[in-house]
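The block underneath contains the structure these notes are about, expressed in structure tokens.
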Amino acid sequence: MLCTAALADPVWVVDPGSPGPDLPPQGRSLFDHLTISNGEQVIPYPFEQLVTAIGARLDADSAYLGQPVKQVLIPLGRSLQREAAAPDFFHSPRIVLAVDSEPAADAGLLLRDRLFIGYLEAADVLEIISYNEQAARFEFQVVRDYRAGGQPQVTYARRVVCMACHQNAAPIFARPLWDETNASREVADRLEHVGSDFHGIPVTGGVDIAYAIDNATDRANAFALTQKLWLEACGLGDAADACRRALFIRTLQSALNGGRGFERVSDSYQSALRAVMSRRSLQAWPDGLLISDADIVNRRPLAGLATPAGGDDADRLLQQADVDGRSEPLMPRPAAAVWTPEADDLVERAVTGLTQFIAAADLQRIDQRLAQSPTSGTSLSADCDAVGTPADGNERIKVVCQGADIELRGLIQRDAAGNTLSGRMRSVRIADTEFGALSVGGSADGAGVLHVTLQYPESPLRPRFANADALAGLTLRRHASGNGKATIEVQRRHESVLLSDAVERTAGQSGALFEQRPFLRAALMPALFRELGITTGDWCCADDGSVSPPRVAQVTEPPDDPLLAPFFKVCGACHRSDEPFPPNFLAGSAGQARRTLAHCAERIQYRLGMWDLAPSQRPKSTMPPHHAGSLEGARLGQWMDGLLKELREALTGVTSDAGVPLPSTAQALDKPYYTLRRCLPAG
């Protein structure tokens with residue numbers, strides 16, 4: 005059950021105030037595994053070559069729109085790097101890239117919904133968000149000096165900086181209509197005055213690409229809940245391991261049958277899975293779970309602006325580039341929903357989420373192997389109507405079955421030679437499974453019996469029942485009376501037992517597979533493949549031993565300066581660095597920090613002044629961001645009378661010493677923010 009009303013004490017799936025360590029606690033990012041070979045990390049340049057390298061790992065044939073990598077252009081965006089291209093924003097639009105496609109059959113890496121890149125050529129920087137399966141989290145990385153003749157350096161970013169906007173610890177994207185991107189006609193028209201494409205990305209293209217990226221970020225946002233359910237909803241101990249095995253079996257069932265359900269009537273489901281997860285969730289999250297929001301509000305930066313031919317000047321464009329408080333991703337975002345799971349809903353949500361951790365190529369290999377493995381079968385039969393009529397030399401047979409165990413409607417076409425069958429069953433239900441529409445194949449024998457094979461129109465996988473038994477086909481025998489009546493017999497192949505037995509045997513390989521640790525495709529699937537007799541091949545990424553040691557952005561200890569101490573304490577995590585974004589006004593020595601702080605004082609005063617306004621009245625976000633300290637109630641009062649007061653006094657002291665006294669806060673807030681002197685990088 006999803007609701008938006010606040011409950012007594014719901015638990016965040018991802019706590020926006022707890023970013024975690026900058027370096028991965030376990031494992032490495034997928035971007036590292038993608039770009040590190042023989043201990044050396046190589047980032048292809050120019051950007052088009054990086055895109056090509058990523059695309060080589062993907063299945064272009066199955067990709068939405070035929071594009072395995074989705075890219076949009078955002079000239080006036082909301083990223084940390086947004087001012088780097090000023091005032092020539094449309095000469096260097098930010099590129100946002102997302103992978104939403106299946107891996108190639110031999111790729112090893114599952115990048116779908118797990119790799120997102122932001123690139124702003126004017127900044128010579130790549131910003132990377134990619135998944136780390138071993139740590140069950142997205143990693144944030146920065147590639148600096150990404151330019152012609154440069155020496156790209158990859159570091160793990162300061163998560164406290166990243167999560168100021170990425171409050172879900174995952175990628176974010178705007179809601180429709182994506183008016184910042186080249187999906188907007190206004191944006192595309194301006195970009196076309198500069199060029200028809202940027203790094204191979206066409207300027208025009210409609211909303212489909214932006215829509216695909218939005219969907220990818222939404223799916224990526226669900227990973228944290230999925231892993232939380234896998235890790236915590238079964239609890240600890242032997243019963244927990246059995247619970248996770250049962251959950252894995254249902255995940256495979258659902259994945260193999262295209263999301264058409266899973267077995268939920270056996271004792272195994274009721275006692276080992278449903279009851280355990282229900283009991284544990286009530287203990288751990290009695291008031292529900294807060295689900296983070298991956299969506300930020302749509303923003304139309306060119307609203308009211310003339311086309312370039314209309315004569316807009318650079319100052320007007322700078323004004324439009326300024327992000328107002330309502331659109332600022334730094335603003336604290338409430339939870340997208342409060343989820344109070346019921347027992348069956350809990351299992352269903354876990355199963356649905358875990359299917360996203362299995363690649364289509366994995367499922368195809370399992371499906372093929374199960375088809376080759378001996379097993380028993382059963383059949384169901386029903387009396388049906390099967391009326392044949394001639395059509396262009398062929399016979400068209402209209403089939404209608406309406407029984408307790410079999411319901412189907414559709415057309416079978418028998419060719420003129422009388423052997424080959426084609427057609428479509430537009431509605432099929434057999435026993436407890438709704439198959440939907442199925443394509444018809446097969447042939448007729450010499451006695452006129454139709455041996456029908458059924459297949460999903462858009463899937464290479466064989467149709468399966470909820471428990472993963474295969475729908476092996478059906479035979480149709482028309483009655484000799486010629487009255488349009490027939491008997492249909494459906495063959496069910498019991499492959500579910502092969503699958504569940506193989507999963508149970510994997511626990512014997514390694515008991516750790518189902519212990520309380522993240523869901524690891526690269527560990528679970530090879531183990532399953534071995535038990536099924538499938539060649540395991542190359543899997544990524546359960547082992548990070550072959551990659552070079554990770555690097556993190558270095559931050560030096562602040563100098564001993566009592567006047568600056570409040571700023572170092574409150575703002576140092578984000579603003580004491582060697583990077584120009586966010587403004588590094590606390591970098592360097594005490595003297596350098598004082599000079600830069602004085603230069604930035606107008607904007608700092610303005611952002612501190614936001615605390616004096618009601619949240620709905622703030623034209624800009626507060627600094628520091630509200631959620632960084634989770635300030636509410638009495639804690640907010642302590643902040644206002646404590647550290648905030650110290651920051652203001654320190655800022656007054658710094659500017660007075662520099663001979664540039666500040667106006668009152670009220671006077672400062674009378675000016676538009678974009679007109680205030682910009683915070684320049686240290687140096």
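All residue numbers for the sequence shown refer to my numbering, where the first residue is 5 and numbers rise by one. Note that beta-carbon positions come from the ideal geometry of N, C-alpha and C, so glycine has one too. None of the values given here were measured: they were computed from a predicted structure.
What number of angstroms, rounded off, separates the C-alpha of Leu-374 from the C-alpha of Glu-137?
So the two alpha carbons sit approximately 27 Å from each other.
At the level of alpha carbons, what is the spacing between Asp-387 and Arg-249?
Their backbone Cα atoms lie some 40 Å apart in a straight line.
For Ser-504, name the three-state secondary structure that DSSP assigns.
It is helical.
Please determine if the stretch 245-265 and the stretch 170-186 are in contact, where contact requires at least 3 C-beta pairs separated by less than 8 Å.
As far as the Cβ criterion goes, the stretch 245-265 does not touch the stretch 170-186, which means the pair count is below three.
Please report how far the alpha carbon of Gly-450 lies from the alpha carbon of Thr-382, in whole angstroms.
Distance between the alpha carbons of Gly-450 and Thr-382: 24 Å.
Scan the stretch 277-336 and note each continuous alpha helix (DSSP H) run of 4 residues or more that stays entirely inside, going in chain order.
Taking only runs of at least 4 residues, the alpha helix (DSSP H) segments lying wholly in the stretch 277-336 are 279-288 and 318-325.
Suppose you measure from the CA of Leu-617 to the CA of Thr-221; what does that come to, to the nearest Å?
If you take the alpha carbons of Leu-617 and Thr-221, they lie about 32 Å apart.
Cβ pair Pro-175, Ala-216 closer than 9 Å
When the beta-carbon positions are compared, Pro-175 and Ala-216 stay at least 9 Å from each other.
Contact defined as beta carbons within less than 8 Å: I believe Leu-322 pairs with Ser-625. What is the distance between those atoms, to the nearest angstrom?
So it is not a contact: roughly 19 Å between Cβ atoms.
Where Phe-142 and Ala-638 are concerned, what is the direct C-alpha to C-alpha distance, given to the nearest angstrom?
Rounded to the nearest angstrom, the two C-alpha atoms are 33 Å apart.
Burial state of Met-644 (16 or more Cβ within 10 Å)
Note on Met-644: under 16 other CB atoms within 10 angstroms of its CB, so exposed under the neighbour-count rule.
Own chain, CB closer than 6 Å to Arg-555, minus 5 neighbours either side, in chain order:
For Arg-555, where only same-chain residues beyond five positions count, the Cβ hits under 6 Å are Thr-159.
Among the residues of its own chain, which have a CB less than 8 Å from the CB of Leu-11, if the five just before and after it don't count?
Confidence is the limiting factor: at Leu-11 the pLDDT is only 49, short of 50, which leaves the residue's position unreliable, though a coordinate-based value still follows. Answer for Leu-11: Asp-291, Gly-292, Val-342 and Thr-344, listed in chain order.
Beta-carbon proximity of Ser-282 to Ala-347, cut-off 9 Å:
Yes, they are a contact pair.
From the DSSP output, which residues share a beta bridge with Trp-16?
Answer by DSSP bridge pairing, in chain order: Leu-294.
Identify, in the order they occur along the chain, each residue of the same chain with its Cβ nearer than 7 Å to the Cβ of Gly-576, setting aside the five sequence neighbours on each side.
If the five residues before and after Gly-576 are omitted, its C-beta is found closer than 7 Å to the C-beta atoms of Pro-562 and Leu-590, all from its own chain and listed in chain order.
Is Ile-253 near Leu-77, with beta carbons less than 9 Å apart?
No, Cβ-Cβ distance for Ile-253 and Leu-77 is not below 9 Å.
Please report the distance separating the alpha-carbon of Gln-4 from that of Asp-218.
Outside the shown range of the chain (5 to 687) lies residue 4, about which nothing can therefore be said.
What distance in whole Å lies between the Cβ atoms of Phe-94 and Arg-194, which are believed to be in contact at a cut-off of 8 Å?
Separation of the CB atoms of Arg-194 and Phe-94 is rounded to 5 Å, and the pair is thereby assigned contact status at 8 Å.
For my contact list, Leu-680 and Arg-611 are in at a C-beta cut-off of 8 Å; report their separation, rounded to the angstrom.
With a beta-carbon spacing of about 10 Å, Leu-680 and Arg-611 fall beyond the 8 Å limit used to define contacts.
Counting only the same chain and skipping the five closest in sequence on each side, list residues whose C-beta sits under 7 Å from that of Gly-59.
Excluding positions up to five away in sequence, the list reads Pro-72 and Val-73.
Would you list the residues sitting across from Leu-130 in a DSSP beta bridge?
Tyr-123 and Val-147, per the DSSP bridge assignment.
Which same chain residues, not among the five before or five after Cys-544, have their C-beta less than 7 Å away from its C-beta?
Its chain contains His-37, Gly-112, Leu-113 and Ala-526 as the residues whose beta carbon lies nearer than 7 Å to that of Cys-544, once the 5 sequence neighbours on both sides are disregarded; these appear in chain order.
Do Thr-424 and Ser-447 have their C-beta atoms within less than 9 Å of each other?
Yes, Cβ-Cβ distance for Thr-424 and Ser-447 is below 9 Å.
Reduced DSSP secondary structure (H/G/I, E/B, other) of Met-2:
Shown here, the chain extends from 5 to 687; a query on residue 2 therefore has no answer.
Using a Cβ-Cβ distance cut-off of 9 Å, determine whether Met-614 contacts chain B.
Protein chain content of the structure displayed is limited to a single chain, and chain B is not contained in it.
Gln-274 classed as buried or exposed, judged by whether at least 16 other C-beta atoms fall within 10 angstroms
Classification of Gln-274: exposed, given that the 10 Å Cβ count is below 16.
Restricting to Cα atoms, I'd like to know which of Gly-422, Leu-412, Glu-411 and Ser-380 is closest to Arg-400.
Restricting attention to Gly-422, Leu-412, Glu-411 and Ser-380, the CA atom closest to the CA of Arg-400 is found in Gly-422.
Residues in the same chain with beta-carbon distance under 6 Å from Phe-51, minus the five sequence neighbours each way, listed in chain order, please.
Within the same chain, Tyr-123 and His-203 come within 6 Å of Phe-51 by CB-CB distance, once the 5 residues on both sides are set aside.
Here's the rule I'm using: 16 or more other beta-carbon atoms within 10 Å means buried, otherwise exposed. How should Gln-513 be labelled?
Gln-513 comes out exposed.
Where Asp-41 falls, given that 16 or more other Cβ within 10 Å makes a residue buried:
The displayed chain sequence assigns Ser, not Asp, to residue 41. So Ser-41 ends up on the exposed side.
Between the CA atoms of Thr-255 and Asn-588 - distance to the nearest angstrom
In a straight line, the C-alpha of Asn-588 is about 47 Å away from that of Thr-255.
Assuming Arg-413 is part of the beta strand (DSSP E), what are its boundary residues?
For Arg-413, the uninterrupted beta strand (DSSP E) segment begins and ends at 410-418.
If you run the structure through DSSP and keep just helix, strand and coil, what is Asp-387?
In this structure, Asp-387 counts as strand in the three-state DSSP scheme.
Note down the Cα distance separating Ala-632 from Pro-619, rounded to an integer number of angstroms.
Confidence at Ala-632 is low in this model, with a pLDDT of 48, below 50, so the placement of that residue is unreliable and no value is reported for it.
Counting only the same chain and skipping the five closest in sequence on each side, list residues whose C-beta sits under 7 Å from that of Ala-484.
So no residue of the chain qualifies.
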